[in-house]
Amino acid sequence: MERGKRIVWIVRDYLKCSGCRRCEVACSLSHEGWIWPEASRIKVFMLVPGVEIPHLCAQCHDYPCVESCPVGALSVDDATGAVLVDRDKCTGCGVCIHKCPGNIPFLHPKDGKATICDLCGGEPQCAKVCQEAKFNALWTVREEKVGWGSINRKLFARPPEELTEDVAVNLYGERSEEMI
Amino acid sequence: MPRGYAGKFLEVDLSSGSIKDTVFSDEILKNYVGGRGLASKILWDRLGQRWETVDPLGPENIFLALTGPLTGINPGARMCISGKSPQCNGIIGSTLSGEFPVDLKCAGYDGVIVTGKAEKPVYILVTDDHAEIRSADHVWGKEAIETIRILVKETRDLLSERKPNVGKIKEPSMIYCGPAGESRVRTAAVLQKISHAAGYGGYGAVMGSKNLKAIVAKGTKPLPSAANPETVKILLREIDRRLIERDRMRRWGTGYGGYEVGARQSSEPIRNWQEEWHNEERFGGPKFDLRYWVKRYWGDFNCSVCCMKISVIKAGPYKGAITDDPDYEMQAYLGPNLGIFDPDKCIYLSALMDYLGLSGINGGNTLAFAAELYERGILTKEDLGFELKWGDVEAFEKLARKIVKREGICDILAEGTYRAALKISEMKGVDATKYAVHVKGVEVGAHGTRSGLDYNPIGYACSAQCGDHTSGVYDAYNDMGMVFHDSAVICSFCSHELIWDLYRAVTGWETTQDEWNRVLGRRIIQIQRAALLLGGPDIFWDPTLHDDNPPRFYEPLPSGPFKGKTTDRKTFEEMRKQYYKAIGWDEKGIPETEELRKLGLEDVDKALEKLRK
């Protein structure tokens, strides 16, 4: 992992998320061939009305999911920094979900295998449709894989409940206390 | 099974607790599609022969929450709520946006049909090909935000327990009624999220009458497949491109209308429609936008328009209020129509309507009606227990809360504007109906006819949906488009020129727009019309009297650039005559035998015989 090497990262601005879930539509169209919100690698949680949290892999610098997989089904895409799942090897044990600080991976509703954002090979469709619609909740950047700022990525790997709490306070102020 | 459909409907009888799947033939789906169309078919087939005797708030009524084949596919997922309406005693297709219909379809259901009445408050939980009735004792009486908080947590925890190892489960979505629905207020809405309401029709009261607090759903399957998925994908790219060009709608939604419609068109209700013009710039769009909007694009599943905005009041006496824009209808009805020209007050009352589960249009209309009666001395401080003056937010809040609790004279106001007008007229020995701004029991939307720049003279008067501003009629052909929107089911703000291409690509049917306008849509309208004219059991409509505008719409506008202008009665009558002819109704407004037979509605024709005498 040489310094200066860049990876693909999806910036997420929760406050700007319209809750349209077109990212879920684009993701599932791209990966599943049809609209399938529950199979989308990006999931918009709305645990509190109006507080929409696009939840997707944060590509932690130390990849605890990859480290924890008991059968070695997870690996890091050298070109993009995405976590790749070898679906033949994956047993659907769920360890990666629990080791992820944000519990972001999920078991696919069809085959029960771990499912994680693969950055569409470097051109994430979710960010593309968000940009096209000018919502700016998601956009793609190229970031240093290690080095300056890289540890910040992991800070976005948080459970949706925690992110919701922060964003709710930001949007609704005091009122958020009774909504969470 | 046709494409675009999950293939079955969930039918729940709350009296017996039985749950089953109901399937409609391809022929029925092709003809009636879903939403409003299918609702009309279901209601007519099951209740048509005894329509006049069915109490909309009795266990014999049917509560319908139906999707359509385009739900979730066309931008902005929407569904249609229906049943026998406690407002007009006919059939209203009342639509609302949100993720609930998407969850429902992904769970394998195209809709929910609820009959009977539960002994105690319940909610229905829908999961993949499964449903259960659960106690709602703990959320009965709760306002919107509290209801959502409790039910989201409870159902999410439950689903997580059932599937402990699949990862974080997304919140189930729901439709619910507020305290207003529970106490069967006839202006009660069915809601999703916050401020997403199916207001017209009064179906929140139907939920309440069945002791049904909510229907909650989480589906994990894909949306039902399309006949030509590749065509659908290409169309969706182009549809998105076109919708994203709608700059004005995207940037402002209708949230600038509260100033604009009054100032430019003189068609905004002010002080119970006594005026329709104002030039209060302090009520202008930027005042809402800059001070209160915390999200400038807020949308529902797959929406590329996102015309909604989230308003939050963070300082001042109304701190804590959360609602959407408010959109134009709420701005008008909880603003100028109550003599309010301050955005924070309007937001506060709009939010209150959501919390209580009142329809902002219908319930808001009743608040203004009461205030005018107070102004005229027909209702007094003794009647109400407090003063009710234009612009007094605290008084209107008190009034709304008392209506929801049905306290004292507010029990009468809880019956909606027209029914309240009838009772108050009787009580007070005056004619209060001339201040009731409704069409056949449905309080009208916030668009007037007097200036001639907004709605046409017969739009409400001849509509099967009565006062519904989203379904006005004009030529008995092009106006069938709205019937399609409510049946397919799509949001009117996300409609576009490619909608029929999309419909054909999704369903695989060859239905054309012309066929819809001439036959299919028209058939739905005739069923709705028949139900409306059969009416009952408490109120019946005579088209020669009630296919008309509210009396106020014939008073000259008292102010503004269109001062003195009003709806011309002669023009109105001529247009009504032409419309009757175009839609196949006789001079009394009753659908003609020949017309009904042509559409294969012999049973409707038979049921209408008694009205033709």
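Sequence lines, in order, name chains R and E. For what it's worth, this note's numbering labels the leading residue of the first sequence as 1, then goes sequentially. For what it's worth, this note's numbering labels the leading residue of the second sequence as 181, then goes sequentially. Note that CB positions come from ideal geometry on N, CA and C, so glycine has one too. No experiment lies behind these values; they were computed from the predicted model shown.
Practice item. Could you pull the start and end residues of the alpha helix (DSSP H) that E:Phe576 belongs to? Key: Position 396 of the second sequence, counting from 1, holds the residue named residue 576 of chain E. Under the DSSP assignment, E:Phe576 falls in the alpha helix (DSSP H) whose first and last residues are 573-585.
Practice item. For E:Trp478, return the contacting residues in chain R, with the cut-off set at a CB-CB distance below 8 Å. Key: In the second sequence, the residue the question calls residue 478 of chain E occupies position 298. What E:Trp478 touches in chain R: Ser18, Gly19, Gly50.
Exercise for review: Would you be able to state if there are at least three C-beta pairs under 8 Å between the segment 500-520 of chain E and the segment 421-430 of chain E?
Suggested key: For the pair of segments examined, the segment 421-430 of chain E was found not to touch the segment 500-520 of chain E: the number of CB pairs separated by less than 8 Å stays below three.
Practice item. Less than 8 Å between the CB atoms is what I'm expecting for E:Gly479 and E:Gln372, so what's the real figure, rounded? Key: Here residue 479 of chain E corresponds to residue number 299 of the second sequence, with the count starting at 1. Here residue 372 of chain E corresponds to residue number 192 of the second sequence, with the count starting at 1. The distance from the Cβ of E:Gly479 to that of E:Gln372 is about 13 Å, inconsistent with a contact at the 8 Å cut-off.
Exercise for review: Determine the chain R residues that contact E:Cys674 at a beta-carbon separation under 7 Å, and present them in chain order.
Suggested key: The residue given as residue 674 of chain E occupies position 494 in the second sequence. The premise fails here: E:Cys674 is roughly 11 Å from chain R at the closest Cβ pair, so nothing lies under 7 Å.
Point to revise | Residues from the segment 61-93 of chain R in contact with chain E, defined by Cβ distance under 9 Å | key: Among the residues of the segment 61-93 of chain R, those with a Cβ less than 9 Å away from any Cβ of chain E are Gly92, Cys93, in the order of the chain.
Review point. Along chain R, in chain order, which residues have C-beta atoms closer than 9 Å to that of E:Val669?
Key: Within the second sequence, residue 669 of chain E is the residue found at index 489, counting from 1. Result: empty, since nearest Cβ-Cβ is about 16 Å, beyond 9 Å.
Review point. Between the C-alpha atoms of E:Ile355 and R:Gly94, what's the straight-line distance to the nearest angstrom?
Key: Residue numbering aside, residue 355 of chain E sits at position 175 when the second sequence is read from its first letter. Residue numbering aside, residue 94 of chain R sits at position 94 when the first sequence is read from its first letter. If I take the Cα positions, the gap works out to 32 Å.
Check your understanding: Pick from E:Leu423, E:Lys401, E:Ala385: whose alpha carbon is nearest that of E:Ile679?
Key -> Here residue 679 of chain E corresponds to residue number 499 of the second sequence, with the count starting at 1. Taking E:Ile679 as reference, the option from E:Leu423, E:Lys401, E:Ala385 with the minimal CA-CA separation is E:Leu423.
Practice item. Enumerate in chain order the residues of its own chain whose CB-to-CB distance from E:Phe159 is below 6 Å, with the five nearest sequence positions on each side excluded. Key: Chain E is shown only over 181 to 793; residue 159 of chain E falls outside these bounds and no answer can be derived.
Check your understanding: From this set, R:Thr115, R:Pro101, R:Cys100, which residue's C-alpha is nearest R:Leu107's C-alpha?
Key -> Residue 107 of chain R sits at position 107 when you count from the first residue of the first sequence. In this structure, R:Thr115 is the residue among R:Thr115, R:Pro101, R:Cys100 with its C-alpha nearest to the C-alpha of R:Leu107.
**Study point:** Residue-level contact to chain R via CB, E:Lys757, 9 Å cutoff
**Key:** One-based indexing of the second sequence puts residue 757 of chain E at position 577. Chain R contact via Cβ: absent.
**Study point:** E:Glu509 classed as buried or exposed, judged by whether at least 16 other C-beta atoms fall within 10 angstroms
**Key:** If you number the second sequence from 1, residue 509 of chain E lands on position 329. Counting Cβ neighbours within 10 Å, E:Glu509 comes out buried, since at least 16 surround it.
Practice item. Out of E:Ser405, E:Leu776, E:Leu700, E:Lys608, point me to the one whose CA is closest to E:Thr251's CA. Key: Here residue 251 of chain E refers to the residue found at position 71 of the second sequence. E:Thr251 has its Cα closest to that of E:Ser405, out of E:Ser405, E:Leu776, E:Leu700, E:Lys608.
Point to revise | Near-chain R residues of the segment 335-352 of chain E - C-beta to any C-beta below 7 Å | key: Taking 7 Å as the Cβ-Cβ cut-off, the segment 335-352 of chain E approaches chain R at Asn345, Val346, Gly347, Lys348, Lys350, Glu351, given in chain order.
Exercise for review: Determine the extent of the alpha helix (DSSP H) in which E:Ala219 is found, giving its start and end residues.
Suggested key: Here residue 219 of chain E is taken as the residue at index 39 of the second sequence, counted from 1. Residues 215-227.
Point to revise | Contact set between E:Ser405 and chain R, taken where Cβ atoms lie within less than 7 Å | key: Looking up residue 405 of chain E in the second sequence gives position 225. When 7 Å is used as the limit between beta carbons, E:Ser405 is near these residues of chain R: Trp34, in chain order.
Practice item. Locate the beta strand (DSSP E) running through E:Asp201, then write down its first and last residues. Key: Locating residue 201 of chain E in the second sequence gives position 21, where the first residue counts as 1. First-last of the beta strand (DSSP E) with E:Asp201: 198-202.
Check your understanding: Listed in chain order, which residues of the segment 132-145 of chain R have Cβ atoms closer than 8 Å to some Cβ of chain E?
Key -> If the cut-off is 8 Å between Cβ atoms, the segment 132-145 of chain R has Glu132, Ala133, Lys134, Phe135 near chain E.
Review point. Secondary structure at E:Val492, three-state DSSP: helix, strand or coil?
Key: For the purposes of this step, residue 492 of chain E is taken as the residue at position 312 of the second sequence. E:Val492 falls in the strand class under three-state DSSP.
Point to revise | Contacts of R:Glu38 in chain E (Cβ-Cβ under 7 Å) | key: Here the question's residue 38 of chain R lines up with position 38 in the first sequence. Within 7 Å Cβ-Cβ: Cys286, Thr400.
Practice item. Throw me the rounded Cβ distance for the E:Ser446 and E:Pro741 pair, which I believe falls under 8 Å. Key: As a first step, residue 446 of chain E must be located in the second sequence, where it is residue number 266. As a first step, residue 741 of chain E must be located in the second sequence, where it is residue number 561. That pair is a contact at about 6 Å.
Practice item. Mind checking which residues open and close the alpha helix (DSSP H) that includes R:Ile10? Key: Working through the first sequence from its first residue, we reach residue 10 of chain R at position 10. Note, R:Ile10: premise wrong, no alpha helix (DSSP H); beta strand (DSSP E) at 6-12.
Review point. Taking one C-beta from the segment 375-384 of chain E and one from the segment 539-555 of chain E each time, how about it: are there three or more such pairs within less than 8 Å?
Key: With a cut-off of 8 Å, the segment 539-555 of chain E and the segment 375-384 of chain E count as touching, because enough Cβ pairs lie within range.
Point to revise | Length at least 4, wholly inside the segment 677-711 of chain E: the alpha helix (DSSP H) runs in chain order | key: If we require 4 residues or more, the alpha helix (DSSP H) runs fully inside the segment 677-711 of chain E come out as 679-687.
**Study point:** E:Gly288 beta carbon less than 9 Å from that of E:Gly187
**Key:** Position 7 of the second sequence, counting from 1, holds the residue named residue 187 of chain E. Position 108 of the second sequence, counting from 1, holds the residue named residue 288 of chain E. Result yes, Cβ atoms of E:Gly187 and E:Gly288 sit closer than 9 Å.
**Study point:** Chain-ordered chain R contacts of E:Val282 [CB-CB under 8 Å]
**Key:** Here residue 282 of chain E refers to the residue found at position 102 when the second sequence is read from its first residue. Contact note: E:Val282 reaches chain R through Pro37, using a C-beta cutoff of 8 Å and chain order.
Review point. What first and last residue would you give for the alpha helix (DSSP H) that runs through E:Phe280?
Key: Looking up residue 280 of chain E in the second sequence gives position 100. Run containing E:Phe280: 280-286, per the alpha helix (DSSP H) assignment.
Point to revise | Backbone secondary structure at R:Asp111 - three-state DSSP | key: As a first step, residue 111 of chain R is located in the first sequence; it is residue number 111 there, counting from the start. R:Asp111: coil per DSSP, three-state reduction.
Check your understanding: Can you name, in chain order, every residue of its own chain whose Cβ lies under 8 Å from the Cβ of R:Arg6, other than the five neighbours on each side?
Key -> For this step, residue 6 of chain R is matched to residue 6 along the first sequence. Cβ within range, chain order: Arg142, Glu143, Glu144, Lys145.
Point to revise | Contact set for E:Glu614: own chain, Cβ-Cβ below 8 Å, skip 5 residues either direction | key: In the second sequence, residue 614 of chain E corresponds to position 434, counting from 1. It should be noted that the sequence gives Lys, not Glu, for residue 614 of chain E. Excluding five sequence positions before and after E:Lys614, the CB atoms of its chain that fall closer than 8 Å to its own CB belong to Pro731, Arg732, given in chain order.
Review point. Does the beta carbon of E:Cys526 come closer than 9 Å to any beta carbon on chain R?
Key: Indexing the second sequence from 1 puts residue 526 of chain E at position 346. Chain R has no Cβ within less than 9 Å of the Cβ of E:Cys526.
Exercise for review: Would you please state the rounded distance, in angstroms, between the beta carbons of R:Arg153 and R:Ala82? I believe it to be under 8 Å.
Suggested key: Here the question's residue 153 of chain R lines up with position 153 in the first sequence. Here the question's residue 82 of chain R lines up with position 82 in the first sequence. That belief does not hold up - the Cβ atoms of R:Arg153 and R:Ala82 are roughly 12 Å apart, past 8 Å.
Check your understanding: Could one say the Cβ of R:Arg175 lies closer than 9 Å to chain E's Cβ atoms, at least one of them?
Key -> For the purposes of this step, residue 175 of chain R is identified with residue 175 of the first sequence, where counting begins at 1. Yes - at least one Cβ of chain E is within 9 Å of the one on R:Arg175.
Review point. Within this structure, are the beta carbons of E:Lys398 and E:Asp283 separated by less than 9 Å?
Key: The residue labelled residue 398 of chain E in the question sits at position 218 within the second sequence. The residue labelled residue 283 of chain E in the question sits at position 103 within the second sequence. Against a cut-off of 9 Å, the Cβ pair of E:Asp283 and E:Lys398 comes out as a contact.
Review point. Is the CB of R:Val8 under 9 Å away from at least one CB in chain E?
Key: Residue mapping note: residue 8 of chain R aligns to position 8 of the first sequence, counting from 1. Residue-level contact check: R:Val8 does not touch chain E, since none of the beta carbons of chain E fall below 9 Å from its beta carbon.
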